[in-house]
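In what follows, a structure is listed as structure tokens, so that the remarks can point back to it.
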Amino acid sequence: MSNLLPYAIAWAVLAVVVAALAIARKTISSHEDDSVHLGGDSAAAMTEQVTVAKKLDSIDKWGKVLTVILAITGVILAVLYGLQMWEATSKVGLA
């Protein structure tokens, strides 16, 4: 079986990207305003909230997709590593 290090590094980079998306979502959602604006400049507040909602929807979409990919590839890497260790230990006593 081949060396899994490049795949593990790619998985770690993907994990960092998912973590960065989570941090970006938290930062953007802190600017979200859930109050109802009835007077004055309600149109400007509404357009700002629509912009924030669109950004959050985009981050949520990519976050969900990349999290699923991260989980699936993590399981695959763990299984491949387990198989590699099992094959290595089963051949130790055969020499």
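Heads up: the sequence shown begins at 0 in numbering that gives the first Met the number 0, then just goes up one per residue.
For each residue, glycine too, the CB sits at the ideal point set by N, CA and C.
Rounded to a whole number of angstroms, what is the C-alpha to C-alpha distance between residue i and residue j?
{"i": "histidine 101", "j": "alanine 70", "result": "Only positions 0 to 94 of the chain appear in the structure, and residue 101 is not among them; the question remains open."}
{"i": "serine 7", "j": "leucine 76", "result": "Note that residue 7 is alanine in the sequence shown, not serine. The alpha-carbon atoms of alanine 7 and leucine 76 are separated by roughly 7 Å."}
{"i": "valine 49", "j": "proline 5", "result": "41 Å"}
{"i": "threonine 88", "j": "aspartate 32", "result": "58 Å"}
{"i": "glycine 62", "j": "valine 91", "result": "43 Å"}
Helix or strand or just coil, what does DSSP make of residue i?
{"i": "lysine 90", "result": "coil"}
{"i": "leucine 3", "result": "coil"}
{"i": "tyrosine 29", "result": "Going by the sequence as given, residue 29 is serine instead of tyrosine. Correct three-state label for serine 29: coil."}
{"i": "aspartate 59", "result": "helix"}
{"i": "serine 41", "result": "helix"}
Legend entry - Inter-stretch contact (C-beta, 8 Å, three-pair minimum) for the region 76-91 and the region 13-28: no
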